[in-house]
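Participant: For the sequence shown, full-length UniProt numbering begins at 1 and goes up steadily by one.
Every residue, glycine too, gets a C-beta built ideally from N, C-alpha and C.
A single structure is presented below for examination.
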Amino acid sequence: MLFHVRMRVHLPHDLDPAVAEDLKSREKARAHELQRAGTWRHLWRVAGCYANISIFDVDSHEQLHDILSGLPLFPYLDIDVTPLARHPSALPDT
């Protein structure tokens, strides 16, 4: 199952800089792990925002929920999820 996920990060302005750097470092490591596993298939930065647009390939809604809620930055994320389906006019995968 493919999902389009938009994540916007809202770190508190008074968050200790060391805590913020630790969160970002752990988030990056987890993102790399999920990309290598083929679960986080695409990751794009949104220009001018502390946000990204991603494509996740998971087996269930529950798996996506577990992945997103387990991200180190999750408490500071505003997340929009859109399920994707193959378009009938799309070229077949080769």
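At which residues does the alpha helix (DSSP H) containing P17 begin and terminate?
Facilitator: As a working mapping, residue 17 is identified with position 17 in the sequence shown. Run containing P17: 17–36, per the alpha helix (DSSP H) assignment.
Participant: Helix, strand or coil for residue 106? Go by DSSP, reduced to three states.
Facilitator: As shown, the chain starts at 1 and ends at 94. That puts residue 106 outside it, with no answer to give.
Participant: Might you give, ordered along the chain, the residues of its own chain that have their beta carbon closer than 7 Å to the beta carbon of L15, omitting 5 neighbours on each side?
Facilitator: Reading the sequence shown from its first residue, position 15 is the one you call residue 15. Result list for L15: empty, nothing under 7 Å.
Participant: Helix, strand or coil, according to DSSP, for H10 in the structure here?
Facilitator: Taking the first residue of the sequence shown as position 1, residue 10 is located at position 10. Note: H10 maps to coil in three-state DSSP.
Participant: Since H4 contacts L84 with CB under 8 Å, what's their CB separation in whole angstroms?
Facilitator: The residue given as residue 4 occupies position 4 in the sequence shown. The residue given as residue 84 occupies position 84 in the sequence shown. With 8 Å as the limit, H4 and L84 qualify as a contact, their Cβ atoms being about 6 Å apart.
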